[in-house]
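So the structure is just underneath, and the comments pick up after that.
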Amino acid sequence: MSVEIKANLLNLDREGLEQFFLNRGDKAFRSAQVMKWIYGQGVIDFADMTNLSKSLRAGLQDSATIGLPEVVADQLSDDGSRKWLLRFDDGNCIETVFIPEAERGTLCVSSQVGCMLNCSFCSTAQQGFNRNLTTGEIIAQVWVAAHALGSRADSNRVISNVVMMGMGEPLLNYDNVVRAMRIMQDDYGFGLSRRRITLSTAGIIPAIRQLREDCDVSLAVSLHAPNDALRDELVPLNRKYPIAELLAACKDYVGEGRRRVTFEYVMLAGVNDSDDHARELIRCLEDVPAKVNLIPFNPFPNTCYKRSLPSRVDRFFDLLNRAGVVTITRKTRGDDIDAACGQLAGRFHDRTRRRSRRMEEHQGIQT
Ligand code: SAH
Numbered sequence: 000m001s002v003e004i005k006a007n008l009l010n011l012d013r014e015g016l017e018q019f020f021l022n023r024g025d026k027a028f029r030s031a032q033v034m035k036w037i038y039g040q041g042v043i044d045f046a047d048m049t050n051l052s053k054s055l056r057a058g059l060q061d062s063a064t065i066g067l068p069e070v071v072a073d074q075l076s077d078d079g080s081r082k083w084l085l086r087f088d089d090g091n092c093i094e095t096v097f098i099p100e101a102e103r104g105t106l107c108v109s110s111q112v113g114c115m116l117n118c119s120f121c122s123t124a125q126q127g128f129n130r131n132l133t134t135g136e137i138i139a140q141v142w143v144a145a146h147a148l149g150s151r152a153d154s155n156r157v158i159s160n161v162v163m164m165g166m167g168e169p170l171l172n173y174d175n176v177v178r179a180m181r182i183m184q185d186d187y188g189f190g191l192s193r194r195r196i197t198l199s200t201a202g203i204i205p206a207i208r209q210l211r212e213d214c215d216v217s218l219a220v221s222l223h224a225p226n227d228a229l230r231d232e233l234v235p236l237n238r239k240y241p242i243a244e245l246l247a248a249c250k251d252y253v254g255e256g257r258r259r260v261t262f263e264y265v266m267l268a269g270v271n272d273s274d275d276h277a278r279e280l281i282r283c284l285e286d287v288p289a290k291v292n293l294i295p296f297n298p299f300p301n302t303c304y305k306r307s308l309p310s311r312v313d314r315f316f317d318l319l320n321r322a323g324v325v326t327i328t329r330k331t332r333g334d335d336i337d338a339a340c341g342q343l344a345g346r347f348h349d350r351t352r353r354r355s356r357r358m359e360e361h362q363g364i365q366t
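All the letters of the sequence shown, read from the start, carry residue numbers 0 to 366 under numbering that gives the first Met the number 0.
Dropping the structure here:
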C-alpha cells in the first residue's frame, strides 16, 4: 500500500503555490485565490472555497492539506497580552504571544522548538533544542492568533506588527523563516509591510548579510554587552561572531538610508548595567545607526541573574540618551503568564539533553 503524503499548503509562499498549481496542470493565479481564502478569509476547508471549481476543490482535498497546530492553552494576562501554547503533529509544543498597545498589536512568533544558542540569561536556552519549525508551522502561528483575535468583540485587536522574537534563533532556520516572512508580507497573505516585521538575532553574521538580499525586514540584534569578554559569557555565539564584525554587518544591513538597527540589551543587576558599561556601549555604537532597547531581565526558575533596579535602568537610559543614542526601556508585558521576553519555554523533548545536564549541575550545587 502506498501512503501518499499530502502537501501542506501553509509551507508554500505565493511562488511555491503557483508552482504547485502549475504542476497539477492548473493556472498560476489559483495561488492568489487560495491564499486569499486561507489568510484573508481564514477559510481552511477546501469545500468552502467557492470560487474554485468543484473538481478542483475535490482534487485539493485529495492531494493537499492546510495543517494547523492544536491550541493546547490560551492564556490572557492582566495587561491584555495573550499567550498560546501550540502543539504540532509530532507532539512538540511552542509558544506565541500577542501584545496589544494603543497604536499597534504585536505578535511575537517562534522559529524553532527550543534553541541551540545557550544564552545564559534565557529560559528557552535552558529547555534545550529539538528542531526547526517548518514554514507552515511559523505562518500558522500568525493564522491561529489572527483567527483567535478576530473572534473577539473588540475588533481593534489586530496584528499590525510581527516580531520574530519568540523561541529559537530565526537565522538558524533561515529558509523557512524567510519564506514565512514573505507570506506575512504578501498582499494575499497578511499584507504587513517590511518595516512592520522585525527579525531578532543573536548575530549570525553571514545570515544577516544574506537576509539583506532576500527579505530586508527590520533587524534587531541581541547585543546585551558592550565588550567581547562579557558578551562571550552571556551570548556564547559571540566567540564565533564577535562584536566588531557584528556591528559592521549591522551597518551594511541598514546602508545609507534612515533605517536603524535595534540593539536589545537585557539589564542584569551587577553584570552589564554599570555606568562604565553604558559609556562603553555608547562608544561601541558611535557610528552605527542604532536604537537601543533596554529590557529589564525577566527571571525564571534556577537562574542566577537578577533584574537591575529601576533606578539603575533609568540611570543607564539617561546616560545613553544624553549621548544622543535613541533608547527606549521595554515595558515588561505578560509576565504573570510567563509570556515576557526570555520566558517562553514550550513543551518538548530536548534532543541536546541540556535540560537534564543543567538539572544535574543544579542538584550537584545543592548537595
Ligand atoms: N534568538 C533570537 C530571538 C530570541 S528574541 C535573539 O537572540 O535575538 C528574544 C529576546 O529576548 C532577545 O533579545 C533575548 O536576548 C531576550 N531575552 C532572553 N531572555 C531574556 C530574559 N530572561 N529577560 C529579558 N529578555 C530576555
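Virtual Cβ for every residue (Gly too), placed ideally from N, Cα, C.
Can you give the Cα-Cα distance for R350 and I203, rounded to whole angstroms? 22 Å
Close Cβ partners of H146 (< 6 Å) along its chain, the five nearest in sequence each way excluded: G41
Measuring straight from C-alpha to C-alpha, what distance separates C214 and S159? 18 Å
Does DSSP classify S122 as helix, strand or coil? helix
Quick check on the DSSP output: the alpha helix (DSSP H) that includes E374 runs from which residue to which? Since the first residue shown for the chain is 0 and the last is 366, residue 374 is missing from the structure and cannot be characterised.
What separation, rounded to the nearest whole angstrom, lies between the Cα atoms of F347 and R354? 11 Å
Any idea what DSSP makes of D73, helix, strand or coil? strand
For R151 and A144, I'd like the C-alpha separation in whole angstroms. Its pLDDT being 48, under 50, R151 is placed unreliably by the model, and nothing is read from it.
Between N237 and G333, what straight-line distance do the alpha-carbon atoms span, to the nearest angstrom? 29 Å
Express the C-alpha separation of C340 and Q111 in angstroms, rounding to a whole number. 15 Å
Beta-bridge partners of P99, as assigned by DSSP: G104
Leaving out five residues on either side along the sequence, give the residues of the same chain with a beta carbon under 7 Å from the beta carbon of A27. E17, F20, L21
Closest Cα partner of E279 within the set Y252, K250, G269, L319: L319
Measure the alpha-carbon distance for P68 versus M166 and round it to whole angstroms. 16 Å
Nearest-angstrom Cα distance between D231 and L51? 55 Å
Compare the beta carbon distance of S119 and Y304 with 9 Å and say whether it is the shorter of the two. yes
May I have the straight-line CA-CA distance separating I4 from A63, to the nearest angstrom? 8 Å
Extent of the continuous beta strand (DSSP E) to which V291 belongs: 289-295
Would you check if there are 3 or more beta carbon pairs closer than 8 Å linking the region 246-263 to the region 288-296? yes
Using C-beta distances below 6 Å, list every residue in its chain close to C107, excluding the 5 sequence neighbours before and after it, in chain order. V96, V162, M164, G165
Please state the DSSP three-state secondary structure of F128. strand
Does the ligand SAH have a heavy atom nearer than 8 Å to the CB of F97? no
For the 8 Å Cβ check, are there 3 or more pairs between the region 117-136 and the region 170-179? yes
Contact defined as beta carbons within less than 8 Å: I believe S408 pairs with I93. What is the distance between those atoms, to the nearest angstrom? Nothing can be reported for residue 408, as the shown portion of the chain is limited to 0 through 366.
Close-in-space but distant-in-sequence residues of the same chain around V157 (CB under 6 Å, 5 per side omitted): G104
Alpha-carbon to alpha-carbon, R352 and G127: 7 Å
Excluding sequence positions up to five away, which residues of its chain have a Cβ less than 8 Å from the Cβ of V325? R259, A289, K290, V291
How many angstroms separate the CA atom of L233 from the CA atom of N226? 11 Å
Short check: CB of T197 to CB of I207, under 9 Å? no
Heavy atom of the ligand SAH less than 8 Å from the Cβ of N172, yes or no? no
Closer than 8 Å: is that where the CB of S80 sits relative to any heavy atom of the ligand SAH? no
Beta-carbon contacts of E244 that lie in its chain and below 8 Å, excluding the five residues immediately before and after: I204
With a threshold of 8 Å (Cβ to nearest heavy atom), would H223 be considered close to the ligand SAH? yes
Quick check on L35: does DSSP put it in helix, strand or coil? The sequence as given places Lys at residue 35; Leu does not occur at that position. Helix.
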